[in-house]
Amino acid sequence: MATLPKNVMQHRKVLKETGLAFAKSIPLVGPHIEAAEKMFTLFSEINATTCRDRFNRYIMGIGEICDDEIDISREHFSALVKKLVLDDEDKKTEYYIRLTVSLARSSLNDDERLLFIHVLSELTCSDIDYARKLYIATNATIKGFKTSASAQASITSQKKALSLRSLNKLISSGLVYEDRTGEIKANPGYKLTSDLERLLGFIFHNDDLQPTALSIESKEEYDVIIIDSDKIYRGSYPNILYRQLRAAGVKVCIEKSEDCIADKLAKFFISVQQGSGLNGLGEWINYGDICVLKHLDKSTNRFYESEFRETVDREHFSPRDDDSSFDASKLNTALNKVAAFVLGRLSLSI
3 MATLPKNVMQ HRKVLKETGL AFAKSIPLVG PHIEAAEKMF TLFSEINATT CRDRFNRYIM
63 GIGEICDDEI DISREHFSAL VKKLVLDDED KKTEYYIRLT VSLARSSLND DERLLFIHVL
123 SELTCSDIDY ARKLYIATNA TIKGFKTSAS AQASITSQKK ALSLRSLNKL ISSGLVYEDR
183 TGEIKANPGY KLTSDLERLL GFIFHNDDLQ PTALSIESKE EYDVIIIDSD KIYRGSYPNI
243 LYRQLRAAGV KVCIEKSEDC IADKLAKFFI SVQQGSGLNG LGEWINYGDI CVLKHLDKST
303 NRFYESEFRE TVDREHFSPR DDDSSFDASK LNTALNKVAA FVLGRLSLSI
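In this text, residue positions in the sequence shown follow the numbering used here: the first is 3, and each later residue adds one.
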């Protein structure tokens, strides 16, 4: 059976002797002192047994992960064992096992390895769970939130003691820092350091860092989402576009509102934006821009930065009730160009 290093056992012995000396210094009658001695003796025995069991599980756990020998310095192994046996949370043993193997296989220098050992020992299981949730909310597309910033804020804006302590612990450990760019907000955003990402990668499997690991639903992904929010421009748009893209094997859907981005994700969005101005003949006209969009304006939660656009006079979008001579050719030509652009861009991303 593996035994603990002498310095760890000496630490336990000093703790026991100090406790007994303190108890005997209290002016109480004999039976109380005897009870205290028994209590400290029992505590020492239980604690030593717990430490041995934890150390044995640690060594066996490393063996289960590694088929080959791990190469780690005496200094780092000693630090890991010391932190392991003195840790208040037995549940963290699995994290120490994975960190040991990860550090042995890494190319980190000595200071970096000691940093991760000390950081892990300072974080509680609650802190680690909080960090994992924060990482997933920041990096994954979570259903119910329009942006990753709003998903992150749902975690960092919590005012419960455990959440506040965990956030501050991550900040003080150099794993998270406040994003001070842009305007001042009631609930500021936070940036995750590369050290947090590395630590989570050391102690978790990749599957553990996916939304499904926390029973969180991800957004449904599409190639194209067509926004059909304006009654003025309904008709051939968006149905012609939908049929053309669907026939080409594109995963596409039609939504009535830009709010769909809280639940769905797409490589491209197609939307009609209204406008008015002078045409080439100097006539004032109302028109619609059929825009291919890719990004989301974080400040307004609306689409911006058109990748491609086709402008069509509003009167060419749909016929009036009394217009039997309606000519849809201009709209059809514009829609064909939009579809061709999207298909071309999607083919490049395959």
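Yeah, the Cβ is synthetic: ideal placement off N, Cα and C, and Gly gets one too.
This one's a predicted model, so the numbers in the text were calculated from it and none came from an experiment.
Asked                                                                                                                      : Found
Strand pairing of K193, partner residues [DSSP]                                                                            : Y179
Cβ separation of C127 and E91, assumed to be a contact under 8 Å, to the nearest whole Å                                   : 5 Å
Segment contact, 8 Å Cβ cut-off, at least three pairs: the region 111-124 with the region 149-164                          : no
Residue closest to L243, alpha-carbon to alpha-carbon, out of F270, E223 and S259                                          : F270
Whole-Å CB distance - L348 paired with V252, under 8 Å assumed                                                             : 6 Å
Where K18 sits in the DSSP three-state scheme                                                                              : Its pLDDT being 48, under 50, K18 is placed unreliably in this model, and the value from its coordinates should be taken loosely. Helix, per DSSP.
Three-way DSSP call (helix, strand, coil) for N58 in this model                                                            : helix
Proximal residues to E222 (C-beta, below 6 Å), its chain only, five neighbours per side dropped                            : K266
Touching by the beta-carbon criterion (3+ pairs, under 8 Å), the region 84-101 and the region 198-209                      : yes
Touching by the beta-carbon criterion (3+ pairs, under 8 Å), the region 308-317 and the region 328-342                     : yes
Selected residue, minimal CA-CA separation from G258, among A249, A341, A250 and Y239                                      : Rather than Gly, the amino acid found at residue 258 in this sequence is Lys. Measuring from the Cα of K258, the nearest candidate turns out to be Y239.
For D315, the residue or residues it bridges with in DSSP                                                                  : Y289
A268 - DSSP class collapsed to helix/strand/coil                                                                           : strand
Delimiting residues of the beta strand (DSSP E) encompassing V254                                                          : V254 to E257
Alpha carbon of E185 to alpha carbon of R76, nearest angstrom                                                              : 49 Å
Beta-carbon proximity of D291 to G277, cut-off 9 Å                                                                         : yes
Limits of the unbroken beta strand (DSSP E) element including D129                                                         : Not the beta strand (DSSP E): D129 falls in the alpha helix (DSSP H), residues C127 to N141.
Residue range of the beta strand (DSSP E) that includes E222                                                               : E222 to I229
Bridge partners - Q276, DSSP secondary structure assignment                                                                : G290
Rounded C-alpha distance that separates L194 from Q246                                                                     : 42 Å
Through-space distance from L110 to D129, alpha-carbon basis                                                               : 24 Å
For E219, the three-state DSSP class (helix, strand or coil)                                                               : coil
Q154 - containing alpha helix (DSSP H), residue span                                                                       : S150 to T158
Chain-order list of residues whose beta-carbon lies under 7 Å from that of F343 (same chain, five-residue window excluded) : V294 and F310
Per-residue DSSP class, three states only, for L116                                                                        : helix
Nearest to L1 (by Cα), restricted to the options A133, N281 and L82                                                        : Residue 1 lies beyond the range of the chain shown here (3 to 352); nothing can be said about it.
Contact set for Y60: own chain, Cβ-Cβ below 7 Å, skip 5 residues either direction                                          : L86, T95, Y98 and I99
Straight-line Cα distance separating R167 from L88                                                                         : 21 Å
Cβ-based burial, D181 [other Cβ within 10 Å; buried from 16]                                                               : exposed
Nearest-angstrom Cα separation, counted from F319 out to I358                                                              : A query on residue 358 cannot be resolved here, the shown segment of the chain reaching from 3 to 352 and no further.
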